[in-house]
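Data first, discussion second: the structure below is written as structure tokens.
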Amino acid sequence: MQTFNSKAATRRQVVVAAALAAAGVALTAAPPARAQAPGQVFPARPLKILVPFAAGGPTDAIARVIAERMGADLSQSVLIDNRPGASTMLGAEAVARAPKDGYTLLLGTTSTFSTNPHLYKTISYTLADFAPIALMAKTDWVLTVNNDLPVRTIREFVDYGKAHPGALNYGMMGVGSSSHFVGKMIEGATSVRMVDVPYKGSGPALTDLMGGQVQVYVDAITTSLPLARAGKVRIIGIMGDRRAAIAPEIPTFVEAGFPDVVAQSWYGLFAPAGTPRAVVERLNASVQSALRSPEVTRRFASDGTLMEASTPESFAALVKRDSDKWGRLITPLGIKLD
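Note that my numbering has the sequence shown beginning at 403, numbered continuously upward.
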């Protein structure tokens with residue numbers, strides 16, 4: 403039965419082709435249904451942002467809020483596809499191999515492009531595989547201590563640490579984590595030596611910080627500030643290049659005389675390398691429009707996330723500088739992960 407239908411279909415195709423040829427109609431192969439027609443205004447169909455983290459976390463929240471506003475600006479749905487795994491590398495790989503048409507995008511982070519290339523023995527992508535579109539947000543890291551530790555300023559922390567070498571237990575997320583490297587950054591700049599205590603998540607680490615099992619912890623201000631405001635821990639320094647608008651009372655390490663202690667997590671949008679420049683510019687304009695919307699401002703104003711737009715060029719330069727900075731810190735440590 404299948405052979406008969408196939409032959410019948412072939413005969414019909416021949417008849418139709420002959421009729422079209424007789425009418426002077428040129429026969430060309432039809433483009434794939436999802437291809438962008440020449441001259442068609444971008445975007446002509448829904449877009450997808452791959453988020454290399456599980457749904458429900460802070461990175462996912464940023465992506466979803468921005469995607470909603472971008473969708474309104476672009477008059478197309480912007481869908482979120484969560485692809486967690488391998489320290490963001492699974493999602494990055496998928497976008498690096500995606501068509502270069504602007505419809506499959508990556509929400510990249512500090513881990514994706516600043517630390518992973520220096521940390522993993524094998525990595526299947528480089529920054530050259532991507533076209534940076536726009537910065538979306540930054541979060542500052544803060545140094546948080548147990549309330550019983552007799553320090554209230556960065557200088558007091560440094561003096562105490564030097565006077566009590568090895569007495570400070572430092573909670574971090576394991577070898578090769580961002581908190582591990584930020585701790586090494588602090589040690590290198592201040593000459594304070596701490597004992598690393600690895601945890602599998604920020605929740606257990608903060609519980610032990612409040613309980614006194616560890617005395618020192620670093621994390622994004624978005625995580626630590628609510629506990630500090632509740633009086634459960636004490637934040638003594640912020641690692642941004644300026645004080646945070648949400649907590650202007652917290653001094654920076656730069657102010658305290660440690661200009662090299664600057665640590666921020668950034669979040670931005672990337673397309674595959676080779677995506678047309680006009681498409682990159684349209685997406686950049688859409689991100690900037692989203693960041694100007696009152697809804698986005700209200701959503702993140704209360705938790706310390708800095709919503710910050712950029713041009714594609716300035717974003718690319720930021721990623722390169724940040725990667726170079728973390729490379730200078732990670733490479734001498736000799737840490738390599740499989």
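We treat Cβ as the ideally placed atom computed from N, Cα and C, and that holds for glycine.
All figures in this text were calculated on a predicted structure; none of them were measured in a lab.
Backbone CA spacing between residue i and residue j [nearest angstrom]
{"i": "arginine 679", "j": "glycine 493", "result": "23 Å"}
{"i": "methionine 472", "j": "serine 688", "result": "6 Å"}
{"i": "arginine 645", "j": "proline 653", "result": "6 Å"}
{"i": "threonine 506", "j": "glutamate 697", "result": "25 Å"}
{"i": "threonine 511", "j": "leucine 452", "result": "12 Å"}
{"i": "lysine 450", "j": "aspartate 531", "result": "18 Å"}
{"i": "leucine 551", "j": "lysine 564", "result": "14 Å"}
{"i": "alanine 474", "j": "proline 674", "result": "23 Å"}
{"i": "alanine 469", "j": "alanine 536", "result": "13 Å"}
{"i": "valine 584", "j": "tryptophan 543", "result": "9 Å"}
{"i": "histidine 582", "j": "glycine 576", "result": "6 Å"}
{"i": "asparagine 686", "j": "threonine 713", "result": "7 Å"}
{"i": "valine 497", "j": "glycine 578", "result": "24 Å"}
{"i": "glutamate 495", "j": "leucine 529", "result": "11 Å"}
{"i": "aspartate 503", "j": "alanine 488", "result": "26 Å"}
{"i": "threonine 625", "j": "proline 501", "result": "37 Å"}
{"i": "valine 663", "j": "arginine 595", "result": "15 Å"}
{"i": "glycine 614", "j": "leucine 731", "result": "29 Å"}
{"i": "glycine 706", "j": "alanine 647", "result": "8 Å"}
{"i": "histidine 566", "j": "asparagine 549", "result": "17 Å"}
{"i": "glycine 590", "j": "glutamine 442", "result": "54 Å"}
{"i": "phenylalanine 559", "j": "leucine 611", "result": "16 Å"}
{"i": "threonine 677", "j": "arginine 694", "result": "25 Å"}
{"i": "arginine 684", "j": "isoleucine 464", "result": "20 Å"}
{"i": "proline 534", "j": "tyrosine 562", "result": "43 Å"}
Residue i, DSSP secondary structure in three states
{"i": "phenylalanine 672", "result": "strand"}
{"i": "methionine 574", "result": "strand"}
{"i": "lysine 540", "result": "strand"}
{"i": "leucine 720", "result": "helix"}
{"i": "aspartate 598", "result": "strand"}
{"i": "threonine 430", "result": "Unreliable positioning characterises threonine 430 in this predicted model, as indicated by a pLDDT of 33, which lies under 50. The coordinate reading is nonetheless provided below. Looking at threonine 430 - three-state DSSP - the assignment turns out to be coil, as it is neither helix nor strand."}
{"i": "alanine 665", "result": "coil"}
{"i": "proline 606", "result": "helix"}
{"i": "valine 616", "result": "coil"}
{"i": "threonine 514", "result": "helix"}
{"i": "alanine 533", "result": "strand"}
{"i": "alanine 711", "result": "coil"}
{"i": "leucine 685", "result": "helix"}
{"i": "tyrosine 562", "result": "helix"}
Whole-angstrom C-beta distance between residue j and residue i, which should lie under 8 Å
{"i": "valine 635", "j": "valine 547", "result": "7 Å"}
{"i": "proline 519", "j": "glutamine 478", "result": "Their Cβ separation, rounded to whole angstroms, is 33 Å, which puts proline 519 and glutamine 478 out of contact at 8 Å."}
{"i": "arginine 557", "j": "alanine 658", "result": "6 Å"}
{"i": "leucine 545", "j": "isoleucine 638", "result": "6 Å"}
{"i": "lysine 540", "j": "tryptophan 668", "result": "5 Å"}
Original post:
Whole beta strand (DSSP E) runs in the stretch 625-663 with 3 or more residues, listed along the chain?
Top reply: 636-640
Original post:
Between the stretch 473-492 and the stretch 442-457, do at least 3 Cβ pairs fall closer than 8 Å?
Top reply: yes
Original post:
Is the stretch 628-644 touching the stretch 563-577, taking contact as three or more C-beta pairs under 8 Å?
Top reply: no
Subject >> At least 3 beta-carbon pairs within less than 8 Å: the stretch 599-612 vs the stretch 511-531 >> reply: no
Subject >> Any beta strand (DSSP E) of 3 or more consecutive residues that is wholly inside the stretch 435-507 >> reply: 449-453 and 480-484
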